[in-house]
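Student: Pasting a structure below so you can have a look.
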Amino acid sequence: MSTICAEHKFQLQPSHQLLSLKKSLRDLDIPPRKLLTRRSAADIFSDDILLHKYLAHTKSMESDDSDDVGDPYASDEFRMFEFKVRRCTRSRSHDWTDCPFAHPGEKARRRDPRRFHYSGTVCPEYRRGQCSSGDACEFSHGVFECWLHPSRYRTEACKDGKNCKRKVCFFAHTPRQLRVLPPQDSDKKKKGSNMSPHNNNNNNSLSLATVTVL
């Protein structure tokens, strides 16, 4: 009899342990999953601030060249090959300094660099008053021909940067506007600068003073 009871007792032990294990699992304090992933209002607010800062920065970067994109007369192609080269077709009297096209007798008139093969170096004779070679001269006549030449235009940064208020500026205001010349053209530019009777700083200041009139 005692043996049977002992056997029954031995057989009941596993079930007793299982029941006790289930009770212990029920008693565990497990936090809800939402509490583990829930974020405080302060964290969300700080993320919103960072997002707005990023969007504002991106918008400012995209709008750096917005004026050039919106104005066809401000593109590199127009400035280098059409500005003060193409003849103005307006019949009414108007201010030439506000017009991007060339007019008869205008000092800002330029030769088309695609037709006339001149360099971006200022002509010494032209600086003294008049060039004997005329349109056949291999050098630039005036500030506009010099700094709007494809070998010079926007190859240097503007000293005023984004604060530049000039209607027409020969220099770059953003990294995207800066034009990088091929090595061959860059070498020609350096040689032309050495041949010029004035250094780049003087040409720079002269061009800036002239453009303020526009």
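Numbering-wise, the sequence shown is residues 237 to 450 according to the working numbering.
Just so it is clear, CB atoms sit at the ideal spot from N, CA and C, and this is done for glycine as well.
Note that the structure is predicted; figures quoted are calculated from it, not measured.
Rounded to a whole number of angstroms, what is the C-alpha to C-alpha distance between S368 and V358?
Tutor: Roughly 14 angstroms separates the two Cα atoms.
Student: First and last residue of the alpha helix (DSSP H) that includes D312?
Tutor: Unbroken alpha helix (DSSP H) run through D312: 312-317.
Student: E381 lies in the alpha helix (DSSP H); which residues open and close that run?
Tutor: Taken as a continuous stretch (DSSP letters only), the alpha helix (DSSP H) holding E381 covers 379-383.
Student: With distances taken from CA atoms, which of S355, P411, C394 is nearest H377?
Tutor: When each option's Cα is compared against that of H377, the closest is S355.
Student: Pull up the distance between the alpha-carbon of R415 and that of T325, whole angstroms please.
Tutor: Between R415 and T325, the C-alpha separation is close to 31 angstroms.
Student: Go through its chain and collect everything with a Cβ distance to C400's Cβ below 7 angstroms, but skip five positions before and after it.
Tutor: Here the set comprises C394, H409.
Student: With DSSP as the reference, label R364 as helix, strand or coil.
Tutor: Note: R364 maps to helix in three-state DSSP.
Student: Could you please give me the residues that DSSP links to V358 through a beta bridge?
Tutor: In the DSSP output, where bridge partners are listed per residue, V358 has S376.
Student: Using the DSSP secondary-structure output, state which residues sit across from R323 in a beta bridge.
Tutor: BP columns for R323 point to A338.
Student: Whose C-beta lies closer than 7 angstroms to the C-beta of D371 among residues of the same chain, with five residues either side of it excluded?
Tutor: R347, F352.
Student: Let me make sure I understand the geometry here. Which of P418, L417, P419, H385 has the alpha-carbon closest to that of C405?
Tutor: Measuring from the Cα of C405, the nearest candidate turns out to be H385.
Student: Can you give me the Cβ contacts of Y309 inside the same chain, cut-off strictly under 7 angstroms, excluding the 5 residues immediately before and after it?
Tutor: Answer for Y309: P336, listed in chain order.
Student: Going straight from the alpha carbon of E342 to that of Q413, what length do you get?
Tutor: Rounded to whole angstroms, E342 to Q413 spans 28 angstroms at the Cα level.
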